[in-house]
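Take a look at the structure set out below.
Chains as they are written, first to last, in our numbering: chain B, 43 to 576; chain F, 5 to 326.
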């Protein structure tokens, strides 16, 4: 057995006073081995990011190191001064981050940002640095590296930016790579590519990798070892196979059980006649605001899209970022205007409504948004947020507030919540409030745009169950938009696959997963990390 | 390139709108310039007034007057100041250098000190030096400008005798060349510093807030993870990004440079546009007033364009569309 590169022993970090617990990380111990990938798994607030930041010496100043040690190169990393850290960081231990969109300086060229790694450690001449940056860009598989190193971050896609981050992290051949949820913000096919890249490079360079993730699919794809964290403590650790197939701790078991299966449960077929919503020929092209002499830029978000949502059905809309699925949601609730097409809801064309008729008709289709933090007005009490819609439609404020109480109970919250503000609730609770708000107008159709993607997997399962339950009790029809095929498999009756503004395949969930026809559907399905607890 | 052409065309349209609006606003004010002039000349008989009207084109219908005025602007002819008996353009352009000297110096001082102190405060956020910088900046911002100006004169001119108290240069000294420049520079110190310190507060506050915000962003963590020194991180990654809103603010401020120094010019008897405007207002010198409006509006538009160009230079995310 090789010597570990990094040994973390009894690491204890304290949260500032007034936090939800005393220790951010409590007596955590694990080793990183050369040429091996260790996945640290946990839900938000489990302390997994804190471990990564401690290893980089990048802990926020409010977090206090209370005990333990991190052995690396024969010294304790917790006792290094600023100069020693500046020397270690980047050269011996490198890190990549979750958000490739924000992790690069928007004002610097990609090549300069890679070359900066050498500059930071006083290595090479400027010309050599540029040459190395080019070579690194090529090594991480960036297309047309000559052009890319002269580009600015905003000119790159999310996957390309993450490759650039990896190029940077690898520049000085560090012994340890810390990856903090590096694929969470990426599309499933891009995620698969980046995971492959990290696994490849790690073998080629014999690096030790500490990979932070909340996604067991990712774990099953790349981990050699797994550490499961809950509330800052290690609840289970061991070889990846063992932990994934024979989890011993109840928390690990619960986490694994909460991962939705790719196998759709059997569902009763619903009658196709008299659908709740029928969309035909829906088209929308975004035209960039051109100046007087500037040519316009066109992006087709929806091209002749047609589908129907049957009564009581959940129709899934899946696709990658930029496929136009969110545009369809916004078109359906008329947040944006279609260029062409009809949206028939209960006999009338919703797309053709205007003025007061449109305002009245809006109550028939309501939306649940993705971000439970940004979609609720932080200055309004929950009761008001829910009652606003009905009041606008002429319900007396007192009656609307009373109804808000009932709705809160319906979505599994305390009725007393009406007097509190959104920031007093967790992400999952806020999403419940968002659902209550959408239900307040007693809609026939619910449009849910990625309603669970911002939530931890256990919370995700609860919200999905709630949606399913409400749909059955209230006789709703639902358009469910997601990039997560596992979630789609569990909740959708039928699924439409979108690509570049077009629906390329639409069939029942069971059919789609069993017999995908379109090459793009197959590609999507192949890219889903197989995290089945076998 | 077409971006600039496009903007220039828009600028002309906006300027035209400003001219028309101000033209009618001034005409809508009570009082007939010909009557006022005749009255002050002591001869208010009908024929003299009619002559005055004819001479200055006031007998024409308003649209014709406007057309003539706009036509004049195209040839840099801003009309004639009845009060000063001089073409308006000559009057303005004789005062413009003094004003620009004052306001640009003040602008440079406020921007340089503001960014310097703002970034110092940001790096030491929460410390006593942060508090000190904030308090001093706010004192200059909150205290009436004329009072600071008067105190500065009292201390540095009257008591200490270091600097001249007022004016643009020593009148009648007959200085030339370097001696004259140095004389003007000495006269410039007090008004430019007073005005600069006033505006410094906004830049200091903006720089500080912006730097604190930027330093929480992910790419700063990336920079730190690279092992870069703190100085490089602050300069290259934090400050450069933090300056973007400061550029916007500076652009807005730069536009007001021409007309914005009325108080300072008055206290320091600085022969600039601000004082000219003040006098024109008191004397109901409509043509002169309108001329100053046109010139200062043009300046605002020009500085806006310059700001946008600079912004495009410093922020690659804003693309110049071909």
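No residue lacks a Cβ here, since even glycine has one placed at the ideal position from N, Cα and C. Keep in mind the model is a prediction, meaning the values are calculated, not measured.
Could you tell me the distance, in whole angstroms, from the CA atom of residue i to the CA atom of residue j?
| i | j | result |
| --- | --- | --- |
| residue 22 of chain F | residue 298 of chain F | 7 Å |
| residue 364 of chain B | residue 537 of chain B | 18 Å |
| residue 270 of chain B | residue 276 of chain B | 6 Å |
| residue 500 of chain B | residue 177 of chain B | 43 Å |
| residue 492 of chain B | residue 378 of chain B | 18 Å |
| residue 273 of chain B | residue 89 of chain B | 7 Å |
| residue 468 of chain B | residue 561 of chain B | 40 Å |
| residue 376 of chain B | residue 494 of chain B | 22 Å |
| residue 324 of chain F | residue 317 of chain F | Caution is warranted here: a pLDDT of 48 is assigned to residue 324 of chain F, below 50, making its placement in the model unreliable, and the coordinate value is therefore given only provisionally. Between residue 324 of chain F and residue 317 of chain F, the C-alpha separation is close to 9 Å. |
| residue 296 of chain B | residue 279 of chain B | 15 Å |
| residue 410 of chain B | residue 321 of chain B | 19 Å |
| residue 394 of chain B | residue 384 of chain B | 7 Å |
| residue 244 of chain B | residue 180 of chain B | 16 Å |
| residue 259 of chain F | residue 414 of chain B | 42 Å |
| residue 575 of chain B | residue 286 of chain B | Because the pLDDT of residue 575 of chain B is 37, which lies under 50, any placement of that residue in the model is unreliable, and the number read from its coordinates should be weighed accordingly. Roughly 6 Å between the two C-alpha positions. |
| residue 83 of chain F | residue 243 of chain F | 47 Å |
| residue 408 of chain B | residue 488 of chain B | 5 Å |
| residue 167 of chain B | residue 153 of chain F | 53 Å |
| residue 515 of chain B | residue 99 of chain B | 52 Å |
| residue 183 of chain F | residue 189 of chain F | 10 Å |
| residue 257 of chain B | residue 231 of chain B | 15 Å |
| residue 334 of chain B | residue 197 of chain B | Only weak support exists for where residue 334 of chain B lies, its pLDDT of 49 falling under 50; the value from the coordinates is given anyway. Each residue's alpha carbon lies about 24 Å from the other. |
| residue 85 of chain F | residue 210 of chain F | 42 Å |
| residue 282 of chain F | residue 109 of chain F | 22 Å |
| residue 255 of chain F | residue 312 of chain F | 8 Å |
Look at the Cβ atom of residue i, then the Cβ atom of residue j, and state whether they are nearer than 8 Å.
| i | j | result |
| --- | --- | --- |
| residue 133 of chain F | residue 124 of chain F | yes |
| residue 432 of chain B | residue 483 of chain B | yes |
| residue 194 of chain F | residue 121 of chain F | no |
| residue 79 of chain B | residue 346 of chain B | no |
| residue 145 of chain B | residue 182 of chain B | no |
| residue 66 of chain F | residue 53 of chain F | no |
| residue 370 of chain B | residue 342 of chain B | no |
| residue 521 of chain B | residue 359 of chain B | yes |
| residue 367 of chain B | residue 523 of chain B | yes |
| residue 249 of chain B | residue 142 of chain B | no |
What residue from the options has the CA that sits closest to residue i's CA?
| i | options | result |
| --- | --- | --- |
| residue 53 of chain B | B:73, B:47, B:216 | B:73 |
| residue 257 of chain F | F:275, F:112, F:11, F:177 | F:112 |
| residue 233 of chain B | B:203, B:147, B:252, B:490 | B:203 |
| residue 158 of chain B | F:178, F:222, F:233, F:163 | F:233 |
| residue 115 of chain F | F:208, F:218, F:274, F:312 | F:208 |
| residue 262 of chain F | F:278, F:313, F:236, F:49 | F:278 |
| residue 405 of chain B | B:481, B:397, B:476 | B:481 |
| residue 62 of chain F | F:31, F:320, F:165, F:43 | F:31 |
| residue 427 of chain B | B:475, B:435, B:382 | B:475 |
| residue 252 of chain B | B:76, B:59, B:565 | B:76 |
Run down chain B in chain order and give the residues with a C-beta less than 7 Å from the C-beta of residue i.
| i | result |
| --- | --- |
| residue 241 of chain F | 147 |
| residue 130 of chain F | By Cβ distance, chain B contributes nothing, its closest Cβ being about 11 Å from residue 130 of chain F, past 7 Å. |
| residue 244 of chain F | 149 |
Who are the neighbours of residue i on chain F, taking C-beta pairs under 8 Å?
| i | result |
| --- | --- |
| residue 253 of chain B | Ordered by position in chain F, no residue passes the 8 Å Cβ test against residue 253 of chain B, which lies about 16 Å from the chain. |
| residue 144 of chain B | 221, 222, 223 |
| residue 194 of chain B | 320, 321 |
| residue 130 of chain B | 231 |
| residue 141 of chain B | 222 |
Looking at chain A, is there any beta carbon in it that lies within less than 8 Å of the beta carbon of residue i?
| i | result |
| --- | --- |
| residue 229 of chain F | Checking the listed chains, one finds no chain A in this structure; the protein chains it contains are B and F. |
Quick one: which chain F residues come within Cβ less than 7 Å of residue i?
| i | result |
| --- | --- |
| residue 249 of chain B | Going along chain F, no residue has its Cβ under 7 Å from residue 249 of chain B, so there is no contact; the nearest lies around 15 Å. |
| residue 201 of chain B | Within 7 Å Cβ-Cβ: nothing; residue 201 of chain B doesn't reach chain F, min ~17 Å. |
| residue 564 of chain B | Within chain F, no residue comes near residue 564 of chain B; the closest Cβ sits about 35 Å away, beyond 7 Å. |
Taking C-beta pairs closer than 9 Å, name the residues in chain F that residue i reaches, listed in chain order.
| i | result |
| --- | --- |
| residue 474 of chain B | Within chain F, no residue comes near residue 474 of chain B; the closest Cβ sits about 30 Å away, beyond 9 Å. |
| residue 65 of chain B | Under the 9 Å cutoff, chain F gives no residues; its nearest Cβ is about 23 Å from residue 65 of chain B. |
| residue 158 of chain B | 227, 230, 232, 236, 240 |
| residue 585 of chain B | One cannot answer for residue 585 of chain B here, as it falls past the ends of chain B, which runs 43 to 576. |
Shorter than 7 Å, the distance from the beta carbon of residue i to the closest heavy atom of the ligand MN, or not?
| i | result |
| --- | --- |
| residue 477 of chain B | Absence of the ligand MN is noted for the structure shown, with no ligands found whatsoever. |
Three or more beta-carbon pairs under 8 Å between the region 89-103 of chain F and the region 63-75 of chain F, yes or no?
-> Taking a cut-off of 8 Å on C-beta distances, the region 89-103 of chain F does not touch the region 63-75 of chain F, as fewer than three cross pairs fall below it.
May I ask you to verify whether the region 173-182 of chain F touches the region 251-258 of chain F, counting CB pairs closer than 8 Å and requiring at least 3?
-> Counting C-beta pairs closer than 8 Å gives fewer than three between the region 173-182 of chain F and the region 251-258 of chain F, which falls short of the contact rule.
Just checking, does the region 529-536 of chain B make contact with the region 302-312 of chain B on the three C-beta pairs under 8 Å criterion?
-> The way I'd put it, the region 529-536 of chain B does touch the region 302-312 of chain B; three or more beta-carbon pairs between them come closer than 8 Å.
Are the region 131-149 of chain B and the region 217-234 of chain B in contact at 8 Å, needing three or more beta carbon pairs?
-> Counting C-beta pairs with one atom in each stretch, the region 131-149 of chain B and the region 217-234 of chain B have three or more that are closer than 8 Å, which means they touch.
The region 7-18 of chain F / the region 552-570 of chain B touching (three or more Cβ pairs under 8 Å) | Two segments are said to touch when three or more pairs of C-beta atoms, one from each, lie closer than 8 Å; by this definition the region 7-18 of chain F does not touch the region 552-570 of chain B.
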